[in-house]
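Colleague:
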Amino acid sequence: MPVAKRIQEAMERSSWIRRMFEEGARLKKIRGEDRVFDFSLGNPCLDPPERYRDALRQCLENPARAAHGYMPNAGYPDTREAVARDLRSRRGCAITGDHIVMTCGAAGGLNVVLKTLLNPGDEVIVLVPFFPEYLFYVENHGGRVRLVDTLEDFRLDLRAIEEALSPLTRAILLNSPNNPTGRMYSQESLARLGALLDEASRKGGRPVYLISDEPYGDILFDGRVLPDLFRCYSHTILVNSYSKSLSIPGERLGYIAVHPDMKDAEMVLAGLTFSNRVLGFVNAPALQQRALAAVADLKGPASEYQRRRDLLCSGLERIGYRFHWPDGAFYLFAPAPDSDEMPFVEALLQEGVLVVPGRGFGKPGHFRVAFCVDEAVIANALPAFEKVFALYRRGT
Numbered sequence: 594m595p596v597a598k599r600i601q602e603a604m605e606r607s608s609w610i611r612r613m614f615e616e617g618a619r620l621k622k623i624r625g626e627d628r629v630f631d632f633s634l635g636n637p638c639l640d641p642p643e644r645y646r647d648a649l650r651q652c653l654e655n656p657a658r659a660a661h662g663y664m665p666n667a668g669y670p671d672t673r674e675a676v677a678r679d680l681r682s683r684r685g686c687a688i689t690g691d692h693i694v695m696t697c698g699a700a701g702g703l704n705v706v707l708k709t710l711l712n713p714g715d716e717v718i719v720l721v722p723f724f725p726e727y728l729f730y731v732e733n734h735g736g737r738v739r740l741v742d743t744l745e746d747f748r749l750d751l752r753a754i755e756e757a758l759s760p761l762t763r764a765i766l767l768n769s770p771n772n773p774t775g776r777m778y779s780q781e782s783l784a785r786l787g788a789l790l791d792e793a794s795r796k797g798g799r800p801v802y803l804i805s806d807e808p809y810g811d812i813l814f815d816g817r818v819l820p821d822l823f824r825c826y827s828h829t830i831l832v833n834s835y836s837k838s839l840s841i842p843g844e845r846l847g848y849i850a851v852h853p854d855m856k857d858a859e860m861v862l863a864g865l866t867f868s869n870r871v872l873g874f875v876n877a878p879a880l881q882q883r884a885l886a887a888v889a890d891l892k893g894p895a896s897e898y899q900r901r902r903d904l905l906c907s908g909l910e911r912i913g914y915r916f917h918w919p920d921g922a923f924y925l926f927a928p929a930p931d932s933d934e935m936p937f938v939e940a941l942l943q944e945g946v947l948v949v950p951g952r953g954f955g956k957p958g959h960f961r962v963a964f965c966v967d968e969a970v971i972a973n974a975l976p977a978f979e980k981v982f983a984l985y986r987r988g989t
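In the numbering used here, the protein residues as written are 594 to 989.
#1: Alpha carbon to alpha carbon, how far is Ala850 from Lys856? Give it in angstroms, no decimals.
#2: Only counting runs of 4 or more residues, tell me where the alpha helix (DSSP H) segments fall wholly within the stretch 693 to 754, in order along the chain.
#3: Is the CB-CB distance between Phe630 and Leu925 below 8 Å?
#4: Count the other CB atoms within 10 Å of the CB of Ile623; is the residue buried (16 or more) or exposed (fewer)?
#5: Can you tell which of Ala929, Pro670, Pro853 and Asn772 has the C-alpha that lies nearest to the C-alpha of Arg824?
#6: What residue ranges within the stretch 859 to 901 form continuous alpha helix (DSSP H) runs of no fewer than 4 residues, ordered along the chain?
#7: Per DSSP, Gly847 forms a beta bridge with which residues?
#8: Output the boundary residues of the beta strand (DSSP E) element that contains Pro936.
#9: What are the boundary residues of the alpha helix (DSSP H) that Leu819 is part of?
#10: Quick check: Ala927 and Phe937, are their CB atoms within less than 8 Å of each other?
#11: Counting pairs of beta carbons, one from the stretch 958 to 971 and one from the stretch 896 to 908, are three or more of them closer than 8 Å?
#12: Name the one or two DSSP bridge partners that Asn636 has.
#13: Measuring straight from C-alpha to C-alpha, what distance separates Glu807 and Tyr835?
#14: On the DSSP bridge assignment, give the partners of Ser805 in chain order.
#15: Looking at the structure shown, is Arg961 part of a helix, part of a strand, or coil, going by DSSP?
#16: Kindly indicate which residue of Met664, Gln601 and Val676 has the alpha-carbon position closest to the one of Ala887.
#17: Do the CB positions of Gly736 and Glu756 come within less than 8 Å of each other?
#18: Please determine, among Val721, Glu732 and Leu790, the residue with the shortest C-alpha to C-alpha distance to Ser769.
#19: Compute the beta-carbon to beta-carbon distance between Asn772 and Ala922, rounded to the nearest angstrom, for a pair I have assumed lies under 8 Å.
#20: Phe723 to Leu786, Cα distance in whole Å?
#21: Do you know how far the Cα of Arg612 is from the Cα of Glu674?
#22: Would you report the Cα separation of Val731 and Ala699, rounded to the nearest angstrom?
#23: Who are the near neighbours of Arg748 in its chain, counting only those whose CB is closer than 8 Å to its CB and skipping five residues on each side?
#24: Just curious, the alpha helix (DSSP H) that Leu790 is in, first and last residue?
#25: Give me the Cα-Cα distance between Thr774 and Leu839, rounded to the nearest whole angstrom.
#26: Reducing DSSP to helix, strand and coil, say where Tyr1032 ends up.
#27: Runs of 3 residues minimum, wholly inside the stretch 647 to 683: which ones carry the beta strand (DSSP E) assignment?
#28: To the nearest angstrom, how far is the alpha carbon of Leu789 from that of Pro820?
#29: Please tell me whether Ile804 and Val706 are closer than 8 Å, where the distance is taken between their beta carbons.
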């Protein structure tokens, strides 16, 4: 076998998202771009903000001294302070640049956090449905995933979380607004979760960390405001990315923010900085960091995606689909017309529509639609959704 057994096994159970995206690319070559409606990948359809592009131009036209040299592994001090300043304005906390580590996107950030915190055999609670790469990130660093279901409407099931907590629990990994459901967890439920984790930490004699993956925190609908986890629990670590808020997923720019009141915060931050280096990330991209220092206060394009959500959800409801409207992000996670979603997903594929089966997120019987596409793609795909739904209504 040319690759390690564990990698071979991981590849075989790898992402349905990428499988469907690759199938979409194949179909576009056969049918043409305008006859394939690809809702598989959470790849922003919008251009980055003009302020961000201006900042990049300024960095290129007026380069700093040693602009391409080595830097501190945690990132440029002025960039870290700009991120902290934005967090202070949003959350009212006493965070400084010393509590920030710049990373290669949120994926890199999560791996850095897990590398720093996990001992072999430690458990990480992951809520179902989940972003599939979470499982690999935990396994990368010797941890074990403990899956816990959410409620029927994808809110936190606090009783199930409490039952899953054990002396082996090292962390719980949250994603709100959530991929794939679009659900935003309420401030009240997060405060109750914080109380549960406080008690579990006291009983276990070591902290249970709350890791909050927040790349969609700027994409909230209907006037919602992202709850502040720092107010809920002192052993909170935020992981964020600018991939969605600035529409730059290919640039791999993110950060880790450690609660300023965390016990042993200084040691945790030293561990994060060390892990950033030894995992081979070394530091977040230099040019992107320098540009970010000038635009860290930019907000994401929530209104653009809300318009797409409304077009998609109202259209599907008119057809007869039933689901919970997403609170944020740019995903709809809906029950399929049948308990086995695969024939439904295949029927849509035959009509040129690509969605991701719910089993790829640990929740069979559902399908995910990534509506970060042009509005015309949504409008033109609705007849196919209607045709396939009609087949099921007739009992086909």
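Positions of the beta carbon are idealized from the N, C-alpha and C atoms, including for glycine.
Modeller: In short:
#1: For the purposes of this step, residue 856 is taken as the residue at position 263 of the sequence shown. For the purposes of this step, residue 850 is taken as the residue at position 257 of the sequence shown. Straight-line Cα distance between these residues: approximately 14 Å.
#2: Uninterrupted alpha helix (DSSP H) stretches at least 4 residues long and entirely within the stretch 693 to 754 occur at 698 to 710 and 726 to 733, given in chain order.
#3: Position 37 of the sequence shown, counted from the first residue, corresponds to residue 630. Position 332 of the sequence shown, counted from the first residue, corresponds to residue 925. Taking a C-beta distance under 8 Å as the contact criterion, Phe630 and Leu925 do not qualify as a contact pair.
#4: Counted from its first residue, the sequence shown places residue 623 at position 30. So Ile623 ends up on the exposed side.
#5: Here the question's residue 824 lines up with position 231 in the sequence shown. Among Ala929, Pro670, Pro853 and Asn772, the Cα nearest to that of Arg824 belongs to Pro853.
#6: With a minimum length of 4 residues, the continuous alpha helix (DSSP H) runs that stay inside the stretch 859 to 901 are 879 to 888.
#7: Here residue 847 refers to the residue found at position 254 of the sequence shown. Looking at the DSSP assignment, Gly847 forms a beta bridge with Thr696 and Ser834.
#8: Along the sequence shown, read from residue 1 onward, the residue named residue 936 stands at position 343. Pro936 -> not in any beta strand (DSSP E); alpha helix (DSSP H) instead, spanning Glu934 to Gln943.
#9: Within the sequence shown, residue 819 is the residue found at index 226, counting from 1. Note, Leu819: premise wrong, no alpha helix (DSSP H); not H, not E.
#10: For the purposes of this step, residue 927 is identified with residue 334 of the sequence shown, where counting begins at 1. For the purposes of this step, residue 937 is identified with residue 344 of the sequence shown, where counting begins at 1. In this structure, Phe937 does not lie closer than 8 Å to Ala927 by Cβ.
#11: Short answer: they touch.
#12: Here residue 636 is taken as the residue at index 43 of the sequence shown, counted from 1. Residue pairing by DSSP leaves Asn636 without any beta bridge partner.
#13: Here residue 807 corresponds to residue number 214 of the sequence shown, with the count starting at 1. Here residue 835 corresponds to residue number 242 of the sequence shown, with the count starting at 1. Take the alpha-carbon of Glu807 and the one of Tyr835: they are about 10 Å apart.
#14: Against the sequence shown, residue 805 aligns to sequence position 212. In the DSSP assignment, Ser805 is bridged to Leu767 and Leu831.
#15: Along the sequence shown, one-based indexing puts residue 961 at 368. The three-state secondary structure of Arg961, taken from DSSP, is strand.
#16: Residue mapping note: residue 887 aligns to position 294 of the sequence shown, counting from 1. When only C-alpha atoms are compared, the closest one is Val676.
#17: In the sequence shown, residue 736 corresponds to position 143, counting from 1. In the sequence shown, residue 756 corresponds to position 163, counting from 1. No, the pair does not count as a contact, with Cβ atoms beyond the cut-off.
#18: Locating residue 769 in the sequence shown gives position 176, counting from the first residue. The option with the nearest alpha carbon to Ser769 is Val721.
#19: The residue labelled residue 772 in the question sits at position 179 within the sequence shown. The residue labelled residue 922 in the question sits at position 329 within the sequence shown. Contact flag correct, Cβ pair sits at about 6 Å.
#20: Within the sequence shown, numbered from 1, the residue matching residue 723 stands at position 130. Within the sequence shown, numbered from 1, the residue matching residue 786 stands at position 193. If I take the Cα positions, the gap works out to 18 Å.
#21: Counting from 1 along the sequence shown, the entry for residue 674 is found at position 81. Counting from 1 along the sequence shown, the entry for residue 612 is found at position 19. Looking at the two C-alpha atoms, the distance is approximately 39 Å.
#22: To locate residue 731, count along the sequence shown from 1; it is residue 138. To locate residue 699, count along the sequence shown from 1; it is residue 106. Going by C-alpha positions, Val731 is about 14 Å away from Ala699.
#23: What you label residue 748 is simply residue 155 of the sequence shown in a count that begins at 1. Correct list, in chain order: Arg776, Tyr778, Ser779 and Ser782.
#24: The residue you call residue 790 lines up with position 197 of the sequence shown. Going by DSSP, Leu790 is part of the alpha helix (DSSP H) stretching over Gln780 to Gly797.
#25: As a working mapping, residue 774 is identified with position 181 in the sequence shown. As a working mapping, residue 839 is identified with position 246 in the sequence shown. If you take the alpha carbons of Thr774 and Leu839, they lie about 21 Å apart.
#26: Outside the shown range of the chain, which is 594 to 989, sits residue 1032, and nothing can be said about it.
#27: Listed in chain order, there is nothing to give.
#28: Counting from one through the sequence shown, the residue named residue 789 turns up at place 196. Counting from one through the sequence shown, the residue named residue 820 turns up at place 227. Whole-angstrom Cα-Cα distance: 17 Å.
#29: Taking the first residue of the sequence shown as 1, we reach residue 804 at position 211. Taking the first residue of the sequence shown as 1, we reach residue 706 at position 113. In this structure, Ile804 sits near Val706, with a CB-CB distance shorter than 8 Å.
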